[in-house]
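First residue of the sequence shown? That's -4 in my numbering, and the numbers climb one at a time after it.
Every residue gets a Cβ at the ideal spot worked out from N, C-alpha and C, and that includes glycine.
Nothing here was measured: the structure is a model prediction, and the numbers come from that model.
For reference, the structure discussed in these notes is given below.
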Amino acid sequence: MRVTTDFSVIPDQYSKHAPAPLQADGMAIMSFPFYVDQLKPGTQYLHWALVDDDAIPVCGFQWIHWAVANVPVDALMFDMNDAQAVEIPEDFSRMMMSMVPEALCGRNSTAGSMIGSDNPQVYMHYVGPQPPDADHYYKLMVWESEQPLELNQGFWLNQMYHELNKAQINDPAWLYLVGRQ
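Below, the structure written as structure tokens:
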């Protein structure tokens, strides 16, 4: 499996540089598009996370920007030229519940006690990069599975990691993207 985007630097509309209509509580909320190809035969579900390890020296922990589980591959747009490739469209984070109600939104770091967001539009969806000190590298990891993970709406990323481990799914495809300060 391989994950790709049409950019290596996260465009402004998906980051802290987004215009006000694309922000909630000062954070970008429109997710960026990406592609997953070379899916293994039998893949039925995709799961992914976007994290910022460069946040560790800034706040003391990895910052979770987006966590998603149990997205049926059949619900995604296939590439007409490649039956083993799918596209996750722009703004999927906010459209997901109406497009794919069986998919699960995980909590991001704004839901934690340090930020304590009470806005589900923020803590249960994508929030864009907001590096305070320098450009950061954001890691997008995607896992594939034949069965859904045993999670509930609003799961925490560590719970998804545990479920992936229980299912012996330990080989994500990933890529690094730069988020501008």
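{"Asked": "Simplified DSSP state of D47, which is helix, strand or coil", "Found": "strand"}
{"Asked": "Cβ neighbours of P126 in the same chain (closer than 6 Å, five flanking residues each side left out)", "Found": "G174, Q176"}
{"Asked": "For T(-1), three-class secondary structure by DSSP", "Found": "strand"}
{"Asked": "7 Å Cβ cutoff met for A44 and L152", "Found": "yes"}
{"Asked": "Every unbroken beta strand (DSSP E) inside the segment 99 to 162 [3 residues or more]", "Found": "131 to 140"}
{"Asked": "Cα-Cα separation, A62 to M136", "Found": "10 Å"}
{"Asked": "Given 8 Å, three or more beta-carbon pairs between the segment -4 to 14 and the segment 96 to 109", "Found": "no"}
{"Asked": "Rounded C-alpha distance that separates H120 from L17", "Found": "13 Å"}
{"Asked": "Three-state secondary structure (DSSP) of A15", "Found": "helix"}
{"Asked": "Candidates I59, D7, G37, H12, of which the one nearest I110 by Cα", "Found": "I59"}
{"Asked": "Beta-bridge partners of D77, as assigned by DSSP", "Found": "D74"}
{"Asked": "F29 in three-state terms, based on DSSP", "Found": "strand"}
{"Asked": "Collapsed DSSP secondary structure at P67 in the structure displayed", "Found": "strand"}
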